[in-house]
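Residue numbers for the sequence shown follow this note's numbering, so the first one is 2 and each next one is one higher. Note that the Cβ used here is the ideal one computed from N, Cα and C, for glycine as well. Some notes on the structure that comes next.
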Amino acid sequence: MEIFKTLESYDYEEIVFCQDRESGLKAIICIHDTTLGPALGGLRYWEYKNEKDAITDAFRLARGMTYKNAAAGVDVGGAKAVLLKDPKRPKSEGQIRAFGKFVEGLNGRYITAEDVGTTEQDMDWIYTETDYVVGTSTKPGTSGNPSPVTAHGIFFGLKAAVKEAFGSDNLSGRSVVVQGTGNVGLLLVEKLISEGAKVYVADLNEESVGKAVEMGAVEVGIDEVYTMDVDIYAPCALGAVINDETTTKIKARVIAGSANNQLADIKHGDVLMERGIVYAPDFIINAGGVINVVDEMHGGYDLERAMRKVENIYYQVEKVFAIAKRDNISTALAANILAEERIKAVRNTKKIFVPHKNNILKGLQ
Ligand code: NAD
Numbered sequence: 002m003e004i005f006k007t008l009e010s011y012d013y014e015e016i017v018f019c020q021d022r023e024s025g026l027k028a029i030i031c032i033h034d035t036t037l038g039p040a041l042g043g044l045r046y047w048e049y050k051n052e053k054d055a056i057t058d059a060f061r062l063a064r065g066m067t068y069k070n071a072a073a074g075v076d077v078g079g080a081k082a083v084l085l086k087d088p089k090r091p092k093s094e095g096q097i098r099a100f101g102k103f104v105e106g107l108n109g110r111y112i113t114a115e116d117v118g119t120t121e122q123d124m125d126w127i128y129t130e131t132d133y134v135v136g137t138s139t140k141p142g143t144s145g146n147p148s149p150v151t152a153h154g155i156f157f158g159l160k161a162a163v164k165e166a167f168g169s170d171n172l173s174g175r176s177v178v179v180q181g182t183g184n185v186g187l188l189l190v191e192k193l194i195s196e197g198a199k200v201y202v203a204d205l206n207e208e209s210v211g212k213a214v215e216m217g218a219v220e221v222g223i224d225e226v227y228t229m230d231v232d233i234y235a236p237c238a239l240g241a242v243i244n245d246e247t248t249t250k251i252k253a254r255v256i257a258g259s260a261n262n263q264l265a266d267i268k269h270g271d272v273l274m275e276r277g278i279v280y281a282p283d284f285i286i287n288a289g290g291v292i293n294v295v296d297e298m299h300g301g302y303d304l305e306r307a308m309r310k311v312e313n314i315y316y317q318v319e320k321v322f323a324i325a326k327r328d329n330i331s332t333a334l335a336a337n338i339l340a341e342e343r344i345k346a347v348r349n350t351k352k353i354f355v356p357h358k359n360n361i362l363k364g365l366q
C-alpha cells in the first residue's frame, strides 16, 4: 500500500501508528483535516483481516468525519482512530491507557470519543491519560447519552425533508415507517406520534417493537418496510438499506432516518433523485451525536443548549436541497459539497495582520 499516495489523494494531514508491546496495543490515528479546528472522531475497536484493511478503514472513516463535522456547522476537523482487535488478547485497561498516552502526545490536534466496539469505560481510562477525550463518565461537564439529541435532530431533519416533498412540514396525518426501534428509533416514534403522524414500525427485537406499539405505532414485517405505501421511510437500524434491490421498490416520497451509510453506493442517490424521492443525507441529519459531544468542549455540557443547536439540522437539510437544485445533482452529492464549501470558506477567510502580544508588543515593552 502506498501510504503517501493515499494521504495525497484526499489531502490527509497525518497518520500515526501507535504500538505498545507490553499491552499489545496496535492502533492507527488518522487526522484528515483540521481547517475548522481540532480533529474529532471516535476510536473503533475492530478485528481486521490484515493491516491494510485497518489503514484503509481509518482513512475512510477520518474523511467521513471531516464531512460530517463540517456539515454540522461545528468548529472541529475530522479524524478517526482504529484499535486492532487481537482475538487471542482481550481489550484491556493497559491497551486503552497506552492509546490515551498517544492521544496526549498529539497535544490536542486529535480528540477521541466512543465508537463501534469502545465504551464509556474505555473513555474513562483514556481520560486518566489525557484531557483530549469526550463522552467520559468522570470528566466534569461531560455529555450524556447522545441518542435523545440524535433523535431530536432526526426529527427536525425529517420535517425539512417533508416540507421539500409536500410543501409543508406539518406531520399531522402523514404516514411514516420507522425501521429499527432502538435507542434513536424509539425516541423518534414518540416524537412522530406526538405530532399526529401515523407510525408503522419494524424491528427484530420484539421488546422494543412492543414499546413502540404501546406508544400507538403499528407493527409491520421486517421486509415490508421497503414496499409500504407511506409518505416517509425512516431507516434507523442498519447501513446499506438503499441498494440495487430496494431503490426500485421504495414507495415513500421521503427517506429520512438515523442509520449511518444508508446508501450502498453513491449512485443510489442518483436513482432516488430520478424517482423523485427526497433523501435527507444520513450524515447531515444524524449529526446530533457530534453536536452533542462538541457542546461539552465549550466548557461544560448543557443538554438544553445541545438540543437547541441540533434543531439547526432543519436548515442544514434545506441548504443541501438548495445545492442539489443549484447543481442538478443528488442530495447525497450535495451534502458533500455543503461540507467542502464550508471548509473552503473558512480556509479562504481574509488574511489580515493581527498584532499578537507575544511578538509585536513584547518588542515594544
Ligand atoms: P440501536 O442498536 O439501539 O438500535 C438499532 C435497532 O435496529 C435495534 O433495535 C435492532 O434490533 C434493530 N435492527 C437490526 N436489524 C434490523 C432489521 N433488519 N430490521 C429492523 N430492525 C433492525 O442503535 P441506535 O443507537 O438506535 O442507532 C440506530 C442507527 O443510527 C445506527 O445505524 C447508528 O449507527 C445510527 N446513529 C446513532 C446515533 C446515536 O446517537 N445513537 C448517532 C448517529 C447515528
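Notebook entry, point to check: If you measure from the CB of residue 285, is any heavy atom of the ligand NAD nearer than 7 Å?
Noted result: Locating residue 285 in the sequence shown gives position 284, counting from the first residue. Not so, every heavy atom of the ligand NAD lies at least 7 Å from the Cβ.
Notebook entry, point to check: On the three-state DSSP scale, how would you describe residue 78?
Noted result: Residue numbering aside, residue 78 sits at position 77 when the sequence shown is read from its first letter. Strand.
Next item on the list: Check whether the Cβ atoms of residue 150 and residue 308 sit closer than 8 Å, and answer yes or no.
Entry: One-based indexing of the sequence shown puts residue 150 at position 149. One-based indexing of the sequence shown puts residue 308 at position 307. Going by C-beta atoms, residue 150 is nearer than 8 Å to residue 308.
Notebook entry, point to check: Listed in chain order, which residues are found with a beta carbon closer than 6 Å to a heavy atom of the ligand NAD?
Noted result: 147, 148, 151, 180, 181, 182, 183, 184, 185, 186, 203, 204, 205, 206, 209, 223, 237, 238, 239, 259, 260, 261, 287, 290
Notebook entry, point to check: What separation, rounded to the nearest whole angstrom, lies between the Cα atoms of residue 365 and residue 353?
Noted result: On the sequence shown, residue 365 is found 364 positions in, with the first residue counted as 1. On the sequence shown, residue 353 is found 352 positions in, with the first residue counted as 1. Caution is warranted here: a pLDDT of 49 is assigned to residue 365, below 50, making its placement in the model unreliable, and the coordinate value is therefore given only provisionally. Rounded to the nearest angstrom, the two C-alpha atoms are 21 Å apart.
Check: Which runs of the alpha helix (DSSP H) fall wholly inside the segment 96 to 163 and span at least 4 residues, in chain order?
Finding: Runs found: 121 to 128.
Notebook entry, point to check: If residue 295 and residue 75 are in contact, beta carbons under 8 Å, what's the gap, nearest whole angstrom?
Noted result: Here residue 295 refers to the residue found at position 294 when the sequence shown is read from its first residue. Here residue 75 refers to the residue found at position 74 when the sequence shown is read from its first residue. Yes, they are in contact, since the Cβ atoms of residue 295 and residue 75 sit about 4 Å apart, within 8 Å.
Next item on the list: Report the residue from 35, 82, 258 whose alpha carbon sits nearest the alpha carbon of residue 110.
Entry: Sequence index remark: in the sequence shown, residue 110 carries index 109 (1-based). For the residues 35, 82, 258, the minimum Cα distance to residue 110 belongs to 35.
Note to self: Let's see if you can read the secondary structure: which residues bound the alpha helix (DSSP H) around residue 27?
What the structure shows: Translated into positions along the sequence shown, residue 27 becomes position 26. Residue 27 -> not in any alpha helix (DSSP H); beta strand (DSSP E) instead, spanning 26 to 34.
Item checked: For residue 254, three-class secondary structure by DSSP -> As a first step, residue 254 must be located in the sequence shown, where it is residue number 253. Correct three-state label for residue 254: coil.
Note to self: Using CA atoms only, rank isn't needed, just tell me which of 253, 329, 130, 21 is closest to residue 233.
What the structure shows: Position 232 of the sequence shown, counted from the first residue, corresponds to residue 233. The residue with the shortest Cα to Cα distance from residue 233 is 253.
Note to self: What does the alpha-carbon distance come out to for the pair residue 289 and residue 155?
What the structure shows: Locating residue 289 in the sequence shown gives position 288, counting from the first residue. Locating residue 155 in the sequence shown gives position 154, counting from the first residue. So the two alpha carbons sit approximately 8 Å from each other.
Note to self: If contacts are defined as beta-carbon pairs under 8 Å, then residue 311 and residue 165 qualify, I think. What distance do you get, rounded to the angstrom?
What the structure shows: For this step, residue 311 is matched to residue 310 along the sequence shown. For this step, residue 165 is matched to residue 164 along the sequence shown. Wrong, their Cβ atoms sit about 19 Å apart, outside the cutoff.
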